[in-house]
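Let me begin by presenting the structure, written as structure tokens, before commenting on it.
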Amino acid sequence: MRSITRSTAVAASALGAGALLALAAPVAAQAHVTVTPGSTAAGSYTVLEFASGHGCDGSPTTSFTVDIPEQILSVTPTLQAGWSVEKVMVQLDEPVEGAHGDEVTERVGQVVYTADTPIPEGYRGAFEIQMLLPEDGEGERLEFPVLQSCVEGETAWNESAADGAEPEHPAPAIEVTAAEGDGHGHDKAAATAESVETTAATQDPADAAVDTLARVIGIGGLAVGVAGLVVAIMARRGSKA
């Protein structure tokens, strides 16, 4: 009897340990810096949100430094309450043509977000960065290594995923999909609607007046025609009587 009881206790302990491991696994998987959305179209303007809900081994977070891939030349950090933000510029080896046809001689190499108040362990810190993805980037995986600095210590989230395995400190990354719309993040239907609105807004007032008058005359002519038809029918009935 005692042997059975002992066996039951061992089994229960093993089951409990397994349950703890199962619960701990998702928590461990979430212990990194995330970026959303996970994919977006080539040649489009996109806003990426970086977030984390943990510190450095329990120490509160003071700042995040995001490395920007060299293919991205247009970067616009979002000003957000509770954060100060800085752009770290990097000189290009050779000037290149920008999105608006201008000459670009430098790019944003890093964006640094510093919390006004250190973010405690277990509280989510998040910030957004807008950027223009390269037009020829379809099929690429763009990584954004992040250095998380804390009151005590720091963690570099800069490891690439290899063979589908999740590294211990993965770099936030997105997949670049096929271009959509006009190649700059604008939907074709929206562009058509915008064109129609622009045409209406810029139409000459005289042309608008002529158009209105023509419609009034057309309606009046139709009414006269109907009245004439009624009179003809009544006259015909009278002659038969």
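When the count follows the working numbering, it moves up by one through the sequence shown with no breaks and lands on 221 for the last residue. Each residue gets a CB set at the ideal place from its N, CA and C atoms; glycine is no exception.
Secondary structure at PRO150, three-state DSSP: helix, strand or coil?
-> Three-state result, PRO150: strand.
Three or more C-beta pairs closer than 8 Å, one from the region 96 to 103 and one from the region 50 to 60: is that the case here?
-> Look at the beta carbons and you see the region 96 to 103 not touching the region 50 to 60: under three pairs across the two are nearer than 8 Å.
Cα-Cα, which of SER24, THR97, THR14, ASP47 is closest to GLY33?
-> THR14
May I have the straight-line CA-CA distance separating GLU155 from THR97, to the nearest angstrom?
-> Looking at the two C-alpha atoms, the distance is approximately 33 Å.
Ends of the beta strand (DSSP E) at CYS36?
-> Premise fails: CYS36 is in no beta strand (DSSP E) and is neither H nor E.
Cα separation between GLU83 and GLU74?
-> 10 Å
Please name the residue, chosen from ALA21, GLU134, VAL91, GLU160, that lies closest to HIS149 on a Cα-to-Cα basis.
-> GLU134
What three-state label does DSSP hand PHE124 in the structure shown?
-> coil
With DSSP as the reference, please indicate the residues paired to LYS136 in a beta bridge.
-> Strictly speaking, residue 136 in this sequence is Ala, with Lys absent from that position. When beta bridges are read from the DSSP output, ALA136 appears opposite LEU127.
In whole angstroms, what is the alpha-carbon distance linking LEU59 and LEU28?
-> 14 Å
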